[in-house]
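Throughout the sequence shown, residue numbering follows numbering that gives the first Met the number 0, covering 0 to 338 in sequence.
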Amino acid sequence: MTVTIKDVAKRANVAPSTVSRVIADSPRISEKTKQRVREAMKELGYHPNFIARSLASQMTQVIGIVMPSSADQALQNPFFPEVIRGISKAAHEKRYALQMSIGEKENDIYERVVEMLQGRRVDGVILLYSRQNDKLMKYLLKHGFPFVVIGKPNQKAEQVTHVDNDNVQAGKDAANWLIARGHERIAFVGGDPQYLVTVDRQTGYAEALQEAGLPYRPEYVVHAEFLQEGGQEAMKELLSLPEPPTGLVVVDDLMALGILKTLDEMGLGVPEDVSIVSFNNTLLAEMSRPPLTSVDIGIFQLGYEAAKSLMEKITNPNEPIKRIIIPHRLVERGSCAQR
Numbered sequence: 000m001t002v003t004i005k006d007v008a009k010r011a012n013v014a015p016s017t018v019s020r021v022i023a024d025s026p027r028i029s030e031k032t033k034q035r036v037r038e039a040m041k042e043l044g045y046h047p048n049f050i051a052r053s054l055a056s057q058m059t060q061v062i063g064i065v066m067p068s069s070a071d072q073a074l075q076n077p078f079f080p081e082v083i084r085g086i087s088k089a090a091h092e093k094r095y096a097l098q099m100s101i102g103e104k105e106n107d108i109y110e111r112v113v114e115m116l117q118g119r120r121v122d123g124v125i126l127l128y129s130r131q132n133d134k135l136m137k138y139l140l141k142h143g144f145p146f147v148v149i150g151k152p153n154q155k156a157e158q159v160t161h162v163d164n165d166n167v168q169a170g171k172d173a174a175n176w177l178i179a180r181g182h183e184r185i186a187f188v189g190g191d192p193q194y195l196v197t198v199d200r201q202t203g204y205a206e207a208l209q210e211a212g213l214p215y216r217p218e219y220v221v222h223a224e225f226l227q228e229g230g231q232e233a234m235k236e237l238l239s240l241p242e243p244p245t246g247l248v249v250v251d252d253l254m255a256l257g258i259l260k261t262l263d264e265m266g267l268g269v270p271e272d273v274s275i276v277s278f279n280n281t282l283l284a285e286m287s288r289p290p291l292t293s294v295d296i297g298i299f300q301l302g303y304e305a306a307k308s309l310m311e312k313i314t315n316p317n318e319p320i321k322r323i324i325i326p327h328r329l330v331e332r333g334s335c336a337q338r
């Protein structure tokens, strides 16, 4: 049985028009009444039809940005300010404002975004990540709320507009760069395997090894956070192996920076002892010592295209689902040597 505004009004003992105003977060309604109505909505499992309502009501001209983890951690990584810069440029062109949603844990993020949507504070959202079995993505799909993903959706990709790189090919290109320079013992240092970007780049790395006739060694695959500390821990683990790797494919510049520091502390040189290819080609790659050979994934463009696609969806709910692939290129610097 479908729950209607009238059912919510009856449960909360208010007029149906009051329920509509609460959904729109009208300042004319007291906080006490809002709370009562929202509790009734929750009890009855009522979810507004956002698309129908947005056509009938005024747009907020605000885009929500959903970060993958607590902002203090995520914003340490130059990927996020750069992707937000791309989103901001596209939003500014169409006079949209941005609102960020952050949380310590996946559940915090989920609750805050649902609140943001139910309060009609945004017209649509951009997810700056793609993780396996993401309940927020399921919620957005179920309620027909406009959203775009940066990354490749794990499920129902054909129903979700997303902007991504060919991360399998990018992972393959990074490993092949080291193989072409005579490296046979190549390790992969990834981020959280819940995130599909890590899974795809690892797949590409494995394919490159297979095609070159090199063994895939599970002990050469290390997963850590996309942060400096993660890279340091991963490196110590790898270098304690009886046959340590001579080449590293590292999924992120910030993590590679941590690895450079650890190698230096251990008295090992880059590229003399260990060669590194990383990803994202942020300013860190240029400024590190030695400068990092890094795969440029067009971070600004990822953000710009995601925002553009979302605004098209907001304006026209019948806009077809798109899959936009941003090209990548490997930028050679001083962190790789011939074996």
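Think of the CB as a built atom: it goes at the ideal place given N, C-alpha and C, for glycine as much as any other residue. Note that the coordinates shown come from a computational prediction; the quantities given were computed from them, not determined experimentally.
Specify the secondary structure class of S350 as computed by DSSP and reduced to three states. Look at the range of the chain in this structure, 0 to 338, and you will see that residue 350 is not part of it.
What separation, rounded to the nearest whole angstrom, lies between the Cα atoms of P67 and V188? P67 and V188 have their C-alpha atoms some 19 angstroms from each other.
Helix, strand or coil, according to DSSP, for G44 in the structure here? The answer is coil: DSSP assigns G44 none of H, G, I, E or B.
Span separating the alpha-carbon of V276 from that of E242: Those two C-alpha atoms are separated by around 20 angstroms.
Alpha-carbon spacing of E218 relative to L237, whole angstroms: Distance between the alpha carbons of E218 and L237: 8 angstroms.
With C-beta atoms as the reference, is S274 less than 8 angstroms away from L135? Pairing S274 with L135 gives a Cβ-Cβ distance that is not under 8 angstroms.
If we require 4 or more residues per run, which alpha helix (DSSP H) segments fall completely within the segment 183-227? Whole alpha helix (DSSP H) segments, 4+ residues: 195-210.
Since V147 contacts L309 with CB under 8 angstroms, what's their CB separation in whole angstroms? Confirmed, Cβ separation roughly 4 angstroms.
Under 8 angstroms between C-beta atoms of V330 and S293: Yes, they are a contact pair.
Going by alpha carbons, who is nearest to N153 out of L195, A336, K260 and G181? Nearest of L195, A336, K260 and G181 to N153, Cα basis: L195.
Taking the straight line between their C-alpha atoms, what separation do you get for L262 and G203? The C-alpha of G203 is placed about 25 angstroms away from the C-alpha of L262.
Can you tell which of P214, L301, T1 and G333 has the C-alpha that lies nearest to the C-alpha of P326? It is L301.
Between the segment 207-223 and the segment 309-319, can you find at least three pairs of beta-carbon atoms closer than 8 angstroms? The segment 309-319 makes no contact with the segment 207-223; the number of CB pairs closer than 8 angstroms stays below 3.
Closest residue to A284 among D107, D252, R10 and G257 (Cα-Cα distance): Put simply, of D107, D252, R10 and G257 the residue whose alpha carbon is nearest the alpha carbon of A284 is D252.
What are the boundary residues of the alpha helix (DSSP H) that Q300 is part of? Going by DSSP, Q300 is part of the alpha helix (DSSP H) stretching over I298 to T314.
Which whole-angstrom value is the C-beta distance of R350 and P244, which I expect to be below 8 angstroms? Limits of the chain in this structure are 0 at one end and 338 at the other, which puts residue 350 out of reach.
Should the segment 17-34 be regarded as contacting the segment 150-167, the criterion being three or more beta carbon pairs within less than 8 angstroms? The answer is no - the segment 150-167 does not touch the segment 17-34, with fewer than three Cβ pairs under 8 angstroms.
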